[in-house]
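> The structure under discussion is supplied below as structure tokens; questions concerning it will follow.
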Amino acid sequence: MFNAAPLGRSPADKKEGITLYQDLSKNPYAQPFTFEGSRSHGVLVIHGFTATPGTVLPLGQAVAQDGHYVRGILLPGHGTTIEDMQRTNWKDWYDAAFNAYDEMARICKKVSVVGLSMGGALTCLLAEHRPVHKAVPIAPALKILQHGSRLAKYFWSLVPILPGRDKNYQDYLFDYDVCYHDTPVKNIEDLNHLALLAKRDLKKITCPLLVVKAGQDQSVHPDAPKWIILQSSSVEKKLLVLPNSPHVCTLGAERQLLFRKVAAFLRD
């Protein structure tokens, strides 16, 4: 077992009135991952807002057992410090996802995309603008529930960091949940922008879809998965509801069911 940060968080320390945030870059679960397999089918896996590849690593491992070539990317500004994230924006994350897809498409016959939260929004964007083989948006962040999120662009200079909440879940893989415990308010507006971009062109999605809803999600709008199902143009589309799962359902109590369903969907 890797030695992850306690509860996977990025706790803050105080020194002479300055808040210092832990650097996650040395944590093994914060690193991108690749599982070599058949390049007839590549699977791109994308983590969420303020998170790292650790949150989707167990899912990536499960998918790789079917022999697929699987790659989990680390989005810019993530997996290091909050200060690094504050220097990035939605375009950096968008470009990273599209560049990763294009790189995989050059070496794999076909590429499917699986994404959690903001990674789910990026999955939708890729399915809208690239010939994605199959897409799996999980707890997709097409509208976030965080109070005052729409006002982030107006007050981030006054309140740059939003304190996080501890997670008290049962049967949860805390060691893998390596993320920033607090949220850089400036970047909430970037997340909102990505969500709007993804929602705007859902009708352009034509590939097979498996959309996952976490029943205990307190981060994204509960109707977001339904929007994708109703507005996409895909002929094959399925909704998987995990009634007892939190937002990061890839680490929650129903994770094994999720892994089985995603793996089965991705099989040809």
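Just so we're aligned: the sequence shown equals residues 814 to 1081 in my numbering. Each residue gets a CB set at the ideal place from its N, CA and C atoms; glycine is no exception.
Quick check for students: name the residue ranges of the alpha helix (DSSP H) that lie wholly in the stretch 826–911, counting only runs of 4 or more.
Fully enclosed alpha helix (DSSP H) runs of 4 or longer: 870–877, 895–899.
> Could you name the residues of the same chain whose beta carbon sits closer than 8 Å to that of A1082, not counting the 5 residues immediately before and after it, in chain order?
The displayed coordinates of the chain run from 814 to 1081. Any statement about residue 1082 would go beyond what the structure contains.
> Is the beta carbon of G890 sitting closer than 8 Å to the one on D905?
For this step, residue 890 is matched to residue 77 along the sequence shown. For this step, residue 905 is matched to residue 92 along the sequence shown. A contact, by the Cβ cut-off of 8 Å.
> Name the DSSP bridge partner or partners of I957?
For the purposes of this step, residue 957 is identified with residue 144 of the sequence shown, where counting begins at 1. DSSP lists V1033 as partners of I957.
> Please confirm whether T868 and D990 have their CB atoms less than 8 Å apart.
Walking along the sequence shown from the start, residue 868 turns up at place 55. Walking along the sequence shown from the start, residue 990 turns up at place 177. Yes, they are a contact pair.
> Does the stretch 881–895 come into contact with the stretch 909–918, if we say contact requires no fewer than three beta-carbon pairs (one atom in each stretch) closer than 8 Å?
The stretch 881–895, when compared against the stretch 909–918, does touch it at the 8 Å Cβ threshold.
> DSSP state of I1018, grouped into three classes?
Within the sequence shown, the letter at position 205 stands for residue 1018. Looking at I1018 - three-state DSSP - the assignment turns out to be coil, as it is neither helix nor strand.
> Rounded to whole angstroms, how far is the Cβ of S925 from the Cβ of V856, which I believe are closer than 8 Å?
Stepping through the sequence shown from its first residue, residue 925 is reached at position 112. Stepping through the sequence shown from its first residue, residue 856 is reached at position 43. Confirmed, Cβ separation roughly 5 Å.
> Specify whether the stretch 1017–1026 and the stretch 943–962 touch according to this definition: at least 3 beta carbon pairs, one from each stretch, less than 8 Å apart.
They touch, by the three-pair rule.
> Identify the residues that DSSP records as bridge partners of V991: which are they?
For this step, residue 991 is matched to residue 178 along the sequence shown. DSSP output for V991 lists no bridge partner at all.
> Which of helix, strand or coil does DSSP assign to V998?
Stepping through the sequence shown from its first residue, residue 998 is reached at position 185. Helix.
> List the whole-angstrom C-beta distance separating P772 from A1037, where the pair is believed to meet the contact cut-off of C-beta under 8 Å.
The shown model of the chain, from 814 to 1081, leaves out residue 772, and the question about it has no answer.
> With burial defined as no fewer than 16 other Cβ atoms inside 10 Å of the residue's Cβ, what is the status of K1026: buried or exposed?
Mapped onto the sequence shown, residue 1026 falls at position 213. K1026 comes out buried.
> Straight-line CA distance for L1071 to N902?
To locate residue 1071, count along the sequence shown from 1; it is residue 258. To locate residue 902, count along the sequence shown from 1; it is residue 89. L1071 and N902: Cα-Cα distance of roughly 30 Å.
> Per DSSP, which residues does V1061 bridge with? Please list them.
Taking the sequence shown and counting its residues from 1, one reaches residue 1061 at position 248. None; V1061 has no bridge partner.
> Are K999 and Q835 closer than 8 Å when you measure CB to CB?
Translated into positions along the sequence shown, residue 999 becomes position 186. Translated into positions along the sequence shown, residue 835 becomes position 22. Going by C-beta atoms, K999 is not nearer than 8 Å to Q835.
> Buried or exposed: where does L1009 fall if 16 or more other Cβ atoms within 10 Å of its Cβ makes it buried?
For the purposes of this step, residue 1009 is identified with residue 196 of the sequence shown, where counting begins at 1. By the neighbour-count rule (16 or more Cβ atoms within 10 Å), L1009 is not buried but exposed.
> Keeping to the same chain, check which residues put their C-beta closer than 7 Å to that of P976; ignore five residues upstream and five downstream.
Against the sequence shown, residue 976 aligns to sequence position 163. Same-chain partners within the cutoff: D995.
> List the endpoints of the continuous beta strand (DSSP E) containing K1050.
Counting from 1 along the sequence shown, the entry for residue 1050 is found at position 237. Start and end: 1050–1055.
> Report back the beta-carbon spacing between L1007 and A934 to the nearest angstrom; my notes put them in contact at under 8 Å.
Position 194 of the sequence shown holds residue 1007. Position 121 of the sequence shown holds residue 934. Contact flag correct, Cβ pair sits at about 5 Å.
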